[in-house]
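One structure is given here, and the rest of the page talks about it.
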Amino acid sequence: MNFTPPKGTDDIFPPASRAWRRALLVWEDLVERYGYDLVLGPLFEATEIFTRGVGESSEVVQKQMYTFSDKGGRSITLRPEGTAPVVRAYLGSGVQGQAKLSYSGPMFRYERPQAGRRRQFYQTGVEYLGTAAPDADAEVIEIGYRYLGELGFAEVDVALNSIGDAECRPAYLEALTAYLEDRRDMLCADSLRTLEVNPLRVLDCKVCAPQLLDAPKAVDYLCASCRDHFDAVKSRLDVVGIPYTLSPSLVRGLDYYTRTAFEYIATGFDAAQNAVGGGGRYDGLAEALGGPSVPGVGLAMGIDRILLAAGLDGKDITPLDLFVVVATPERRETAAGFLSELRKVGLRADMAPEQKSVKAQFRAADRRGAAGAVIVGDEWSDGRVAVRNLATSTQELISLEEVPEWAKSNL
Ligand code: AMP
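One point on numbering: in my numbering, the residue at position 405 of the sequence shown is 385, and numbering is uninterrupted.
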């Protein structure tokens, strides 16, 4: 039996998982402060949710989906992204009007695996539905930026663009197509194919993009209402102090993506996978799924990449405040009761499941990464215990009631 996980997937085990737990807690706390309610949905959907909701011509649908027939003969796909499923759930819920929704969980794409590019990866995201107002775009962009800030990213570049809407996009696409047709000899085989179905996506090609810097820019073709919308997004970002870089080549190649597109680049990280999150407005998505017209804007943050880029490997996170060491075996039950009290007052505490020598218990405390130890011994009869800081090996005798305070100020 082979114990390695399937290709392109990871077992996220301690200590790495400590950084994950923290990142997910920070996320939930943050989005709750911005007023987003949680949506929990299935990890798989009817395949058409993605063929319609991500788009037939996209690389995800063309090449990367885990699609299979279930025993009832339905075509099922493991979700490659979270937006189309959340919009489906919104449409199915009967809720009308505005909704601020968050989600978090694994996504699946059949990719060529490398660091920061996995076949199962984890995204957290928000979707702000039922409003086309630019304030919603700016708020969503702010959330991702604050999230990275709260996780300790010092350098984040927000790349920002507007790709217009159904009114102004056709003229832009015409100009872009003419420009690309003139340069067919400069395009890679993939881009030549993309040009036929989705010229915008050619700008996204890593191979061709550097040669296409003088391509027509969507922002130069915006109609008056898209220009006003974009100006309002930028000015609201200025108000809340979110820096951004205008990035004319940042595109979302599908019809139902409209106006705002953005991406977070971890600039302090020089690997290829430094795009740690992104999103945009998708005013045509609900209709593409067969629902009524519901405007929306959202973002998805890639947790695997964020932790990789920030170097958060969990090794610096102490998983336990206190390890209870039982020095006199007769006091084992008393110690178990004390342990329970420590946990009740909010300390992360544990003890060995069997009585062993004091030395063995200290070894266990070290192995478990405890910051301190409480030694339950003969002093218990005077209402006291020894407490030890395991990093400095300083030890003192204190009363039982003082333990939580001692832990707070000494560990
Ligand atoms: P997307 O849904 O493609 O817009 O991706 C949003 C974010 O999810 C990206 O910025 C990445 O951080 C992350 N992401 C996308 N695909 C992968 C993958 N295969 N492995 C790890 N992270 C990914």
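We put the CB at the ideal spot given by N, CA and C, even for glycine. Since this is a predicted model, take the numbers as computed values, not measurements.
Rounded separation between Thr63 and Asp145 - CA only: 19 angstroms
State the beta-bridge partners of Phe101 as determined by DSSP. Met87
Environment of Val187 [buried if 16+ CB atoms lie within 10 Å]: exposed
For the ligand AMP, any of its heavy atoms closer than 7 angstroms to the Cβ of Glu91? yes
Would you mind reading off the limits of the beta strand (DSSP E) that contains Tyr244? 238 to 246
Report the option in Asp170, Asp184, Ala316, Tyr127 whose CA atom is closest to the CA atom of Arg2. Tyr127
For Asn178, write down the residues that DSSP places opposite it in a beta bridge. For Asn178, which the question treats as bridged, DSSP gives no partner whatsoever.
Residue interval of the alpha helix (DSSP H) (run including Phe342): 338 to 347
Who are the Cβ neighbours of Gly294 in its own chain at under 6 angstroms, not counting the five residues just before and after it? Pro(-5), Ala(-4), Arg(-2), Ala(-1)
Can you confirm whether the stretch 176 to 195 touches the stretch 127 to 138 when touching is taken to mean that 3 or more C-beta pairs between the two stretches lie within less than 8 angstroms? no
Candidates Gln76, Arg68, Glu39, Ala69: which alpha carbon is nearest Tyr90's? Glu39
N- and C-terminal bounds of the alpha helix (DSSP H) containing Asn390: 383 to 390
beta-carbon Arg98 near the ligand AMP non-hydrogen atom, thresh 7 angstroms: yes
Use the C-beta contact count for Lys197: other C-beta atoms within 10 angstroms, 16 or more gives buried, fewer gives exposed. buried
Taking 7 angstroms as the cut-off, is the CB of Asp284 close to at least one heavy atom of the ligand AMP? yes
Among the residues of its own chain, which have a CB less than 7 angstroms from the CB of Val274, if the five just before and after it don't count? Leu109, Gly110, Ala266
Apart from the five residues on each side of it in sequence, which residues of its chain come closer than 7 angstroms, Cβ to Cβ, to Tyr16? Lys80, Leu81, Ser82, Val106
Between which residues of its own chain and Gln100 is the CB-CB distance below 6 angstroms, once the five residues before and five after are set aside? Thr(-11), Pro86, Phe88
Okay, do the stretch 256 to 264 and the stretch 277 to 290 touch, 3+ Cβ pairs below 8 angstroms being the bar? yes
Through-space distance from Ile(-8) to Gly317, alpha-carbon basis: 33 angstroms
DSSP state of Ala350, grouped into three classes? strand
Cα-Cα separation between Phe24 and Gln94, rounded to whole angstroms: 24 angstroms
Can you find a CB in chain B that lies within less than 8 angstroms of the CB of Ala69? This model lacks chain B altogether; it includes just one protein chain.
With DSSP as the reference, label Arg216 as helix, strand or coil. helix
Unbroken alpha helix (DSSP H) run spanning Val120, endpoints: 114 to 130
Flag this pair as touching only if the stretch 299 to 316 and the stretch 18 to 33 have three or more C-beta atom pairs under 8 angstroms; answer yes or no. no
Reduced DSSP secondary structure (H/G/I, E/B, other) of Thr57: strand
Comparing the CB of Phe210 with every heavy atom of the ligand COA, is any distance shorter than 7 angstroms? Looking at this structure, you won't find the ligand COA anywhere; what it does contain is the ligand AMP.
Below 7 angstroms, is the gap between the Cβ of Glu154 and the nearest heavy atom of the ligand AMP? no
Heavy atom of the ligand AMP within 7 angstroms of Gln42 beta-carbon: no
Three-state class that DSSP yields for Leu18 in the structure shown: strand
For the alpha helix (DSSP H) holding Ser320, just list the boundary residues, first then last. 312 to 324
Decide if Ser142 is buried, meaning its Cβ has at least 16 other Cβ atoms within 10 Å, or exposed. buried
Going by C-alpha distance, which of Ala204, Thr104, Thr247 is nearest Asp9? Thr104
Leaving out the 5 sequence neighbours to the left and right, which residues in its chain are closer than 8 angstroms to Glu359 when beta-carbon positions are compared? Val365, Ala366, Leu377
Residue range of the unbroken alpha helix (DSSP H) whose run includes Ile396: Lying outside -19 to 391, the shown extent of the chain, residue 396 is not represented and no answer is given.
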